[in-house]
Amino acid sequence: MMEITICGRGGQGGVTLAKIIASAYFLKGKYVQAFGVYAAERSGAPIQAYVRIDDEEITNHNQVQHPDHIVILDRTLIVPQIDAAMKPGGTIIVNTTPERTDCQENFSGRKLASIDATGIAVANGLGTRTVPIVNTTMAGAVARALGLSLSDMLAALEHLNFTGANKTCARQAYKQVKTFIVEGIPSEQPASTEVRHNAGLFDDDLGGMPKIKTGSWATEKPERRRLTPPCNHVCPAGNDVRGFVEAVGKEDYDQAMKILLETSPLPAVCGRVCPAPCMEACNRAEFDASVNVREIERAAAERGVRPPPATVSRDQAVAVVGSGPAGLSAAFHLARLGYPVTLFEADKELGGVLRTGIPTYRLPRDVLDQEIDYILSHGIEVKAGNPVGREDMLRLSQDYQAVFAGTGLQNVSDLDLGGEGPVKPVQGLHFLERVRWGNVRLDGKRVVVIGGGNTAMDAARSALRIGADEVRVVYRRTRSEMPAIHEEIEQALEEGIMLDELVAPVRLTDSDSGTLLTCQGMILGPPDDSGRPRPIADKSPEALFDIPCDLVILALGQSHDISILPEGAEIKEEGTLLGLSGAPVFLGGDFATNEGTVSAAIGSGARAALHIHRNLSGEDLFPEPEERVADSDDIKFHRFHHRPNEAVKTLEPMVRRRSFDEVHLGFAAGPDGSGASAEASRCLSCGVCNECDRCLEYCPEGVLKRDPEGDGYLFDLEYCKGCGVCMTACPRGAIYMASL
Amino acid sequence: MSAMTPSKPYRNHLLRPGNTNCAGCGMSVGLQFLDEALGDEMPVLVIPSSCGIVTAGAFPTSGYGAPTAATTFASSPAVASGISAVTNMNDIDNPVICWAGDGGTYDIGMATLSAAAERNEDIIYICYDNEIYGNTGGQRSGATPIGSVTSTTPQGKSERKKDIMSIMAAHRIPYAATLSIGHRKDFLRKVRYARSVKGFRFLLMLSPCPTGWKSEPDQSTELIELAVRSGLFPLYEIFDGRRYRINFRPDDTDVSTYTKQQRRFRKVWGDTGDLQAFIDAQWQYLDGMATVFPAKEPGTPGTKVERL
Amino acid sequence: MSRMLATGDHVAGHALAMAGEANRDARGCCAGAYPITPQTEIIEYLSAYNFTKGRIVLVESEHSAMGVCMGAALAGGRTFTASSSNGLAYMTENIFAAGFYRLPTVMLAVNRTLGPPWNIWVDQGDSLMMRDAAWLQFYCDSHQDLFDTVLMSFRVAEDPRVMLPVIVALDGFVTSHTQMVVDFPTQEQVDNFLPPCVVPHHLKHNHPTTMGGMTFPNETEHHRFEIQQSMENVITVLEEARDEFEEIFGRRPAGVMETFETGDADMILVACNTMARTLRNVVRERRAKGEKIGMIRTKLFRPFPRRELLQAIGGAAKVGVLDRNHSPGSGGIFWQEIATTLQGGPDILLQDYLVGLGGGDVTPENINAIIDDLQRRETASDPQWKDTTK
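Chains as they are written, first to last, in my numbering: chain H, 1 to 740; chain X, 1001 to 1308; chain D, 2001 to 2390.
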């Protein structure tokens, strides 16, 4: 008589496999017997089924004690001693994958027939992800291992009305099964030492804990993960955007400031002028509207207390050239690391473009001054009114252990509009500089601004504020391609500035009726290198027209002035300069990257500081490589309620168009901050656990616990059945199921 | 703070780890919520033949962290009546809770249930309704929805599900409500309200059975949410059997998003006309009742009809 | 003590009520109750009784009546109910449940023929059907015996050495609806006789246990073995209770059985309930004629008192059993039990007589005919039906 024990899990079809094997022999004229052990089988619980095959009628109805062969349906059942009662010479037919070694560890001296039945069954769509039904697949492997022909087994499957994928799986398994003998000596069944106590109905100690460690039922286990939120991923300054937004959500503004200052010394500035790519990337945009991160950052900077500054603790002096956002960021980070920093600035006042290029109605001077004061309080020595030229750079590289140069974009792009008329185009940045000093008025004048960036908008809005009668912006693409912050465009239009889209300036001429800017109408063509549609001249005759004007402002972008760099110096990746004999010189900000935003400059300065620190100390403080970015598929939007953005206050257009008072006034529900925290609580915390407790609350087994160390949650894998409800319950993709 | 704080040892969990429920069993989630709603209070559980008693595991251990009586299939309301009669006369305040499946409620236990309700026994009766005889391997019951394949309706059930809530309402019991394991706060509030009143309280909980529904275990709570959102399983309360309050209104979720995730609906899949007709009729009735006989207590939670 | 005229149902109801009332300083009492002829008057009596701490739950079926009793006992209360015939059959599932749960409920079974056909008269087939349900069974021959047996039943059922439910059987109509004289004790006397009911395995609040959950073969067998051991304790406990009963109430109640003229008898007849009283009269008459006839009234049916019965039969050569019940395909149920008892013992002629089935009146003439038949017999035959013995 041949006896087979099948070890499987409730729901995998072990009893049916017994029937299939028995049928195969039955069809060959044998006497057979197939049965399972019936108890309170539950999906996932270990179960056994048995097959007997003989030439005589079978009269033994006991469970199989010493099988000739064992079939293991689930790789998690490959455990020590499962083969202990097996007779010598038989085969263990096991569902496993070649890369696993547990068969070798547990089945020494045994003959194995190994097959990846789960892989085959899943590929053919049998069962579900968590409980693939592998019995028909295993039947193929069993046939091969027991010396049955494939057609014998297929006949058995047909006999039991298994068709299609089931037969395909059996066929694949028959062909793919690998047979080998594991080295070593087979394990022997240890003598049972268990003394059984039968509890009585009146015993005192009834009602003890269940003895089943249901963790052994699981085929998958939950694991926590931390994806990269898209806001963090795109922030040019490297801010932990999600982190500080969460802190504001909890009204912990000091914590928010602490998080911000880890990466950026200018939160009050960024909270006003950052184009906020984080808001573009925000997954919530797909649901209702992006979280208003910029405004939240501003609120954090207004309400959060900045921690006491660090003091100088090292002796390797570093020079920072340029006090724009990149220079300030580099100086700040270096000072925080304890380096004595000297900051060189050509202007009398610090701030670079923040002061010269951004009008005060967007960035009030006191806000800027406050942030600079805090940066300087870290023991930074300032040398203002101190332009640094090529020779100076060479000297600095001798005098200091490291030099950072972030001098921005000093060269402006020009445009030849011909003519030598009375109206000569002025550069936007120069215009803004003049406005800054307050010695220019444009009362009654018509102004045309050429360009679509922030400088264009700043120039246009400033022109209005110093009395211009009519301001129009001409841009050769459409509004949606304009690089300016969209809100700025919106506000400009509210203030009465006109926008001429798809218009390119051609020439400037004088006429009897005054100065005329001749313009060419454009149409959008295929994308150019920047990915934006390329503007193409409209050939129709009416596309050429004139705009009468009194002043033309050019805002076409800037480029860096490399004349301060030593001759022969070569810019290497990571912004270092080669070819100098002195200390290393690092370049940063727009000067090196031409990204054109404050936040990019801050990030660049910070990274340079880390480079310098690594050079000087050998210590690597660069952030860990990012995890995968959490995209909208990771977010379960139906878990969230639609909620519009919190209202923000701005000065009325009719008031602000003639005033340099700050336009933005923060959240309407301020200054108690409720608007900021309410807005921050809209954050989905994409891919990052924010301890919302939903996994804990919905765990069917109650085996999720808060980590006593305060780091979120712990899964008790001794009991976790691996159902995956926690994964589904997590609204933000911070839990996944790993296979066991 | 959740009931599942680390300070609560496993042996005090109402549903203890190591219980034999299938992974993703809806009953398990329901018991966790029940535990949370009751807080430190330990109920007496009365459980008729069902998966719920197998949950207790093998004697002498107990899968339940509460005194629990297993009863014969039809008897849980009768046994609970006896328990509550004696506990009440001894001023023991622990709630007596029947925890029964749909077979024990809609079918074999109907007479016993009806009688206990009619006597207004001081019992909380919770039916975890998985719409099949799950413990015997998934046969049709009076709670099986139209179209669902079971081992005794291989072509899909041709009859509609019994309206147990209306039956219970007709007994004019103090409180009847439906519970969703996808809506924890609503669930907790209803159990707490039920706990606060005396007499017979009936709570109906739609309980996914991944094994019988042939659904993914990880989708259990999501499925119930879809059942609520599609209108298939309305969340509502009935006070004194007469006054209705609807807790959530269906949104535009199509019931096929629910059926398509369960192979028990494989004879129907997206063709959910019968189910949709059931839903429409159900809501016509429910809306009518809630309009003509609205629940009146002002200021009580849930007065506001919320949208998901 | 007061002497009253009462029906058997009234006596049974009063005894249950006094026992329930006696538990008022403990957890009180509770019954699930549902009417069926001829026990209805018992639950009517209970429903009208003004318990200090007790509740009669008027349920929708016998099945639930026993359900309530189980629940109340699981909550630690003293429990009782009553039923008959098809009501018992309908209750069967929960009768077994209460037995295997080992809940010390006392149930009056007013014997009535199981139908269909429709028959409301006495036949012991209904209560005997429950012989494997882990319940004790007492059969009562008179109103006083009934009253005393009910009180004794609570004592025995609730004794920790026993802790099993008890059926107290009486004849439908013949006892239940017949007015007889009976002595009722005072409540104080009953209070003294019945200690507070303690169900050791009742559901303890704040101590989680599951009563009746999944139990595997080893433990199930162990529980059956424990029940058997408890059954074997019954007679000891019963004898102790009789002594105390006598002390408190001033009369000695019947024990496991009653014997009459068995000492030198060479022929013994066995019967129970009111039939046994008729038999006693016949035996007395025939003794007077010099015939060495004795009789045994069986009272305790579960556990079956094998040793006591063998002792009582002593040296008699012939034993005739009067069975007011019938197990189709076999015969009388008492006869089966006695046959098992005699198996392997002395060579005795054992003959079964099926009498009074379906409520037929069992008269002295019927019994005389049976005695004549038994006297004539050289060998035993299949169970004899009443008509065939005429």
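Just so you know, even glycine gets a beta-carbon here, dropped at the ideal spot from N, CA and C. Remember, predicted model here, so these are calculated numbers, not experimental data.
Below 7 Å on C-beta distance, what does residue i contact in chain X?
i	result
V2059/D	A1078 and A1115
K2053/D	M1089
E2093/D	T1072
A2097/D	T1072
Report back the beta-carbon spacing between residue i and residue j to the nearest angstrom; my notes put them in contact at under 8 Å.
i	j	result
A2097/D	T2081/D	Actually they are not in contact, since the Cβ atoms of A2097/D and T2081/D sit about 14 Å apart, beyond 8 Å.
K2072/D	A1281/X	With the sequence shown as reference, residue 2072/D is identified as Ala, and Lys is not the correct amino acid for it. A2072/D to A1281/X, Cβ: 42 Å. No contact.
L206/H	D634/H	That pair is no contact at about 47 Å.
A2317/D	I2293/D	Contact flag wrong, Cβ pair sits at about 12 Å.
C231/H	R224/H	Incorrect: roughly 20 Å between the Cβ atoms, too far for contact.
E345/H	G379/H	At roughly 17 Å, the Cβ-Cβ gap does not stay under 8 Å, so E345/H and G379/H are not in contact.
Whose C-alpha, out of the options, is nearest the C-alpha of residue i?
i	options	result
G966/X	E1041/X, D1040/X, L1031/X and S1076/X	This structure does not reach residue 966/X, given that chain X is present from 1001 up to 1308, and the question cannot be answered.
Q401/H	Q316/H, R477/H and I466/H	Q316/H
S462/H	D443/H, R226/H, S480/H and R479/H	D443/H
L517/H	A504/H, Y719/H and R465/H	A504/H
E2258/D	E2244/D, W2118/D and Q2311/D	Q2311/D
P526/H	V320/H, S397/H and P535/H	P535/H
G451/H	G408/H, E501/H and L565/H	E501/H
Could you pull out every residue in the same chain whose Cβ sits closer than 8 Å to the Cβ of residue i, ignoring the five residues on either side in sequence?
i	result
E63/H	For the record, residue 63/H in the displayed sequence is Gln; it is not Glu. Correct list, in chain order: V37, Q48 and Y50.
K87/H	H66, P67 and D68
A2157/D	P2104, T2105, V2106, L2136, M2163, L2164, P2165 and V2166
S151/H	none
G2331/D	D2323, D2352, L2354, D2382 and P2383
What residues of chain H sit near residue i, judged by a beta carbon separation below 9 Å?
i	result
N2218/D	R196 and N198
Since residue i meets chain H, which of its residues come closer than 8 Å, beta carbon to beta carbon?
i	result
L1179/X	Residues of chain H passing the Cβ test: none, with the nearest at roughly 14 Å.
P2200/D	F202
Excluding the five sequence neighbours on either side, which residues of its own chain have a C-beta within less than 6 Å of the C-beta of residue i, listed in chain order?
i	result
A2006/D	V2182
M1004/X	Legend: pLDDT at M1004/X = 45, less than 50; position of this residue unreliable, no value from coordinates given.
Please work out which residues of its chain come closer than 7 Å, Cβ to Cβ, to residue i, disregarding the five sequence neighbours upstream and downstream, and give them in chain order.
i	result
V412/H	Q427, L429 and Q558
R1242/X	R1172 and F1293
W1213/X	Q1262 and R1264
T16/H	N135
Identify the contact partners of residue i in chain H, using a Cβ-Cβ distance below 7 Å as the criterion.
i	result
H1013/X	G702
Taking 8 Å as the cut-off, is the beta-carbon of residue i closer than that to any non-hydrogen atom of the ligand ZN?
i	result
I375/H	Judged by which ligands are present, the structure shown has none, so any question about the ligand ZN falls away.
Residues of chain D with CB under 7 Å from residue i, in chain order?
i	result
A1170/X	In chain order: nothing, as chain D lies at least about 16 Å away.
G10/H	Chain D residues near G10/H: none, gap ~15 Å exceeds 7 Å.
Go to residue i, then tell me how far its alpha helix (DSSP H) extends in each direction, as first and last residue.
i	result
K19/H	G14 to F26
G2125/D	G2125 to L2128
Y1258/X	S1256 to T1259
D2145/D	H2143 to A2157
W437/H	G428 to W437
G464/H	The question names Gly, but residue 464/H in the sequence shown is Leu. Segment N454 to R465, the alpha helix (DSSP H) holding L464/H.
G2008/D	G2008 to E2021
In the DSSP assignment, the beta strand (DSSP E) including residue i goes from what residue to what residue?
i	result
E2337/D	Run containing E2337/D: none in the beta strand (DSSP E); it sits in the alpha helix (DSSP H), I2333 to L2342.
T2079/D	R2078 to S2083
Y2353/D	L2349 to L2354
P505/H	V503 to S511
Against residue i, what residues of chain D qualify as contacts under a CB-to-CB distance less than 8 Å, listed in chain order?
i	result
I1083/X	G2071, A2072, L2074, A2075 and L2203
Under 8 Å between beta-carbons, which chain X residues line up against residue i? List them in chain order, please.
i	result
T2040/D	Correct list: empty, because the minimum Cβ distance to chain X is about 18 Å.
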